[in-house]
Amino acid sequence: PPPPPPPPPLPAAAEAAGSTGSSPSVGSAAAAFRDGGLSTANALVEAVEGALGSTALGRGDGAESPVVLSDEICLVPGKPVVRVEAAPGNARRIFTGIDVVALGCDVEEMVWATLTDYQNLAKVVPNLVSNTVLSAEAHVGARLQQVGAARLGGVATFTAQTTLDVREYRHGLPPNMEADHLDGQAEQASAREIGAALPLRDGVFPRPYSISSLPHRDITMKAVGGDFRHYQGVWRMQSLPGCAPPGHTAMRLTYSVELSPRAWVPIALIEGNVARTLGENLEAIRDFVVEQGECCQVEDEGREESDEAR
Numbered sequence: 001p002p003p004p005p006p007p008p009p010l011p012a013a014a015e016a017a018g019s020t021g022s023s024p025s026v027g028s029a030a031a032a033f034r035d036g037g038l039s040t041a042n043a044l045v046e047a048v049e050g051a052l053g054s055t056a057l058g059r060g061d062g063a064e065s066p067v068v069l070s071d072e073i074c075l076v077p078g079k080p081v082v083r084v085e086a087a088p089g090n091a092r093r094i095f096t097g098i099d100v101v102a103l104g105c106d107v108e109e110m111v112w113a114t115l116t117d118y119q120n121l122a123k124v125v126p127n128l129v130s131n132t133v134l135s136a137e138a139h140v141g142a143r144l145q146q147v148g149a150a151r152l153g154g155v156a157t158f159t160a161q162t163t164l165d166v167r168e169y170r171h172g173l174p175p176n177m178e179a180d181h182l183d184g185q186a187e188q189a190s191a192r193e194i195g196a197a198l199p200l201r202d203g204v205f206p207r208p209y210s211i212s213s214l215p216h217r218d219i220t221m222k223a224v225g226g227d228f229r230h231y232q233g234v235w236r237m238q239s240l241p242g243c244a245p246p247g248h249t250a251m252r253l254t255y256s257v258e259l260s261p262r263a264w265v266p267i268a269l270i271e272g273n274v275a276r277t278l279g280e281n282l283e284a285i286r287d288f289v290v291e292q293g294e295c296c297q298v299e300d301e302g303r304e305e306s307d308e309a310r
C-alpha cells in the first residue's frame, strides 16, 4: 500500500514536550483535539512518544505477534500474546491470548466458572475498580456496570465506566456474529490492511484470536452505555489436549475486543496501556484458576526443566 500521508503540523505543546522531555497529559491531548482535530491530538502523542522512547506511553503495536493462534502450537508459559490492529476511525482491535495448564482439574471448566461468576469478577480481574451486577440470568448472561482503569505511562490513570451486556455461548458464537476469520498463513501486512478497512459493525464481534476445529465456548461483552462510543469483545475458551503433560489439563483463553473511545480521547493515547492491561487480566485469571483447589501452576516446573536443558 502507498505510504501514509505526513501528519499535520504539531501545535507548540508538542514541540515543547519533544524538546524538554516532559510528558503529555490527557488534558493536553484533549486541548489538541479542540484546537486541531483528532489527527492533531494523535500526532501530539506520536511526537512525544518519539522523544521519550517507545515504552513511555506503553504502545501495544504487537508487530511480531501472530495474526491468529492455532491449536497446533502450544504457547510458552509466561506472558500472554498481545496484538493491536488499527480499525476505521478513532478505533482499535486488540487480541490477547494465554495458555492455562493445571493439575488435577478440568481447567477449561474452571475458567468458564470464573468468568461467569459475575458477582466476583472484581476479585479476579485487577483493572476493575468496580463491578456491579445490574441483572443476571443463569446460563444466559448478565448486565454489568463496570469501572476499569489503565495507567498512562505513569502520567495519569485512564478510567472508563461502561455498562455491558454479557452473553454466554457454551457451544460457540453463531457464525453470523463473528467477523471474517484470517487463517494462520495470513501475512502481517495484509492482515493489518484488512483490519484497517473492516468497519465496526454492531453485534458482529471481532474475530476470535484462536482458530480451532475443536469444541469451544464463547462469552461476549457489548457496551450499551458509558464512556466508549463503541466497545464489544469476545472471550474464547478451548481445550488443548496436545499441550497438557500427563495428569494435567490445558486450555487456551483469548479475548478479542474492538473499542473506540469518545471523540475527545485520541485512541493513540490509550491503546498500548489498554492492551497491556488486557494482557495482565489474562495473567490474573490464569493465576487465580491454577491456585484453586487441586489445580497448581506448572509454569515453574517447566522453567526448571528448561534451565536443566540449557
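Under this note's numbering, the first residue of the sequence shown is numbered 1, with each subsequent residue one higher. All residues carry an ideal CB built from backbone N, CA and C; glycine is no exception.
Taking its Cβ as the centre, do 16 or more other Cβ atoms sit within 10 Å of residue i, making it buried, or is it exposed?
i	result
N273	buried
E291	exposed
L44	Unreliable placement is indicated for L44, whose pLDDT of 35 sits below 50; the coordinate value is still reported in the next sentence. It counts as buried.
Q146	buried
A138	exposed
P266	buried
V107	buried
R34	Below a pLDDT of 50, predicted positions are generally treated as unreliable, and R34, at 37, falls in that range; no measurement from the model is reported.
If I follow the unbroken beta strand (DSSP E) through residue i, where does it start and stop?
i	result
E137	L128 to E137
T249	H248 to P261
A244	Note, A244: premise wrong, no beta strand (DSSP E); not H, not E.
Can you tell which of the options has the C-alpha that lies nearest to the C-alpha of residue i?
i	options	result
N131	T116, C74 and I267	T116
I98	N120, M110, P241 and S210	S210
L253	M177, A86, E85 and E109	E109
A197	P66, A87, V81 and L75	A87
Y255	L278, H248 and P245	L278
F205	A150, E178 and P266	E178
How close, in whole Å, do the beta carbons of residue i and residue j come, if the pair is a contact with beta carbons under 8 Å?
i	j	result
G148	T159	7 Å
G233	V257	3 Å
R92	L259	6 Å
V311	M221	Past the edges of the chain, shown from 1 to 310, lies residue 311, and the structure says nothing about it.
What are the boundary residues of the alpha helix (DSSP H) that includes residue i?
i	result
D287	I267 to V290
E108	V107 to L115
V124	L121 to V124
Please confirm if residue i has its CB atom under 7 Å from at least one CB of chain D.
i	result
P175	Among the chains in the structure shown there is no chain D, since it carries only a single protein chain.
Please name the residue or residues paired with residue i in a DSSP beta bridge.
i	result
I98	L253
W235	I219 and Y255
T159	A149
E85	R93
Y169	D218
A179	The partner list for A179 (beta bridge, DSSP) is empty, contrary to what the question assumes.
T142	At residue 142 the sequence reads Ala, which differs from the Thr that was named. For A142, which the question treats as bridged, DSSP gives the partners A136 and V166.
S70	I211
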